[in-house]
Amino acid sequence: MLTALLFMEGVFSTLSELDFVVRVMVFSYMLFWLYMTFREAQLLFGIGTIVAGYLIFVHGITVTVVVVLWLVFFLLGSQLQMLCWFALFPLLGYQQAGGRLHKESEMAAQQNLQEIEQKARAGTASQEEIHALQEAYAQQEMQHEQAGRMRAG
Amino acid sequence: MGLFNDIVTWATYLWWLWLFLVAWWYYSWSKEHLAFSPVMTLVVGGILVYFLVIEHPLIGSAGMLFWVVLMSGVLYLLPVVGSIFNTILVKKPPGGM
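Rendered as structure tokens:
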């Protein structure tokens, strides 16, 4: 147990040292870029250096999170959208049609209801099917009323 | 036992040589990026050599190798391996043509 604790301590001190080293390397890259960019304006180079150093050494984690978010939503945004529409939504049972998402099971239920309606009109529906149809109508009416109340309220 | 002692001795020499190479590589990285300021080059080079060669030589070596492989462009050649594989060991279709 003691060795495990000591080992973890070693790992964490290594990580924190490497965190500092990575910050120094990132700062070097930033300095290089700032120097090339503001070669003709030393004042801007100086101010830029102070700002870059402040951001990297004081708010390094936050800046990294912001950069990662920017990467995901701006650079990889189209891939993200593609993954949602063509991988995630179909897996959840949604299909897109006419610019809207439709739940597959609801579409199947709707089709089934239409078939029963046709049977009822032809007079070939069983007692159970007519019962199911009445229930579906009652449910639809309830939803309709609810929607009307929400619009009014 | 003498043989093994020799091996360990030579491994130690090689290890020291390797550490000098890694240290030089990190210092030249610092020189490349901070050429405009000799003091900055020394400070950053010193920090890198201290932490990545003296304190954590294995991590520093792995980092150097990783960076060299990544920046050399040799990874672009990876697809070639697959295409070579099918040209040297051509699989004849069953039935024979």
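Residue numbers (my numbering), protein chains in the order written: chain A, 49 to 201; chain B, 20 to 116. Note that CB positions come from ideal geometry on N, CA and C, so glycine has one too.
Can you name the residues of chain B whose CB is closer than 8 Å to the CB of residue i?
i, result
"A/Val72", "Val63, Ile66, Leu67"
"A/Phe80", "His52, Leu53"
Assuming residue i contacts residue j under a Cβ cut-off of 8 Å, what Cβ separation, rounded to an integer in Å, is found between them?
i, j, result
"A/Thr97", "A/Leu82", "6 Å"
"B/His75", "A/Thr85", "At roughly 33 Å, the Cβ-Cβ gap does not stay under 8 Å, so B/His75 and A/Thr85 are not in contact."
"A/Leu149", "A/Phe137", "6 Å"
"B/Leu71", "B/Ile78", "7 Å"
"A/Phe80", "B/His52", "4 Å"
"A/Glu154", "A/Gln143", "Contact flag wrong, Cβ pair sits at about 11 Å."
"B/Ser56", "A/Ser76", "Not really, about 11 Å apart at Cβ, beyond 8 Å."
"B/Trp29", "B/Ser80", "That pair is no contact at about 18 Å."
At a CB-CB cut-off below 7 Å, which residues of chain A make contact with residue i?
i, result
"B/Phe55", "Tyr83"
Which bits of chain A does residue i rub up against, with CB to CB less than 8 Å?
i, result
"B/Ser49", "Ser76"
"B/Ile78", "Thr62, Leu66"
Helix, strand or coil for residue i? Go by DSSP, reduced to three states.
i, result
"A/His150", "strand"
"B/Ala54", "coil"
"A/Ala184", "helix"
"B/Ala81", "helix"
"A/Ala145", "strand"
"B/Pro98", "helix"
"B/His75", "coil"
"B/Lys110", "coil"
"A/Ala200", "helix"
"B/Gly65", "helix"
"A/Ala173", "coil"
"A/Gly125", "helix"
If the cut is a Cβ gap below 9 Å, which residues of chain A does residue i touch?
i, result
"B/Phe70", "Glu65, Leu66, Phe68, Val69, Val72"
- Query: Are three or more beta carbon pairs between the stretch 57-74 of chain B and the stretch 68-87 of chain A nearer than 8 Å?
  - Reply: yes
- Message: Would you call the stretch 178-185 of chain A in contact with the stretch 157-169 of chain A, where contact means no fewer than 3 C-beta pairs closer than 8 Å?
- Response: yes
- Taking contact to mean at least 3 C-beta pairs separated by less than 8 Å, is the stretch 82-93 of chain B in contact with the stretch 99-117 of chain A? no
- Enumerate, from N- to C-terminal direction, the unbroken alpha helix (DSSP H) stretches of 4 or more residues contained entirely within the stretch 52-121 of chain A. 90-106, 108-118
- Going along the chain, which unbroken runs of the beta strand (DSSP E) with 3 or more residues stay wholly within the stretch 24-48 of chain B? none
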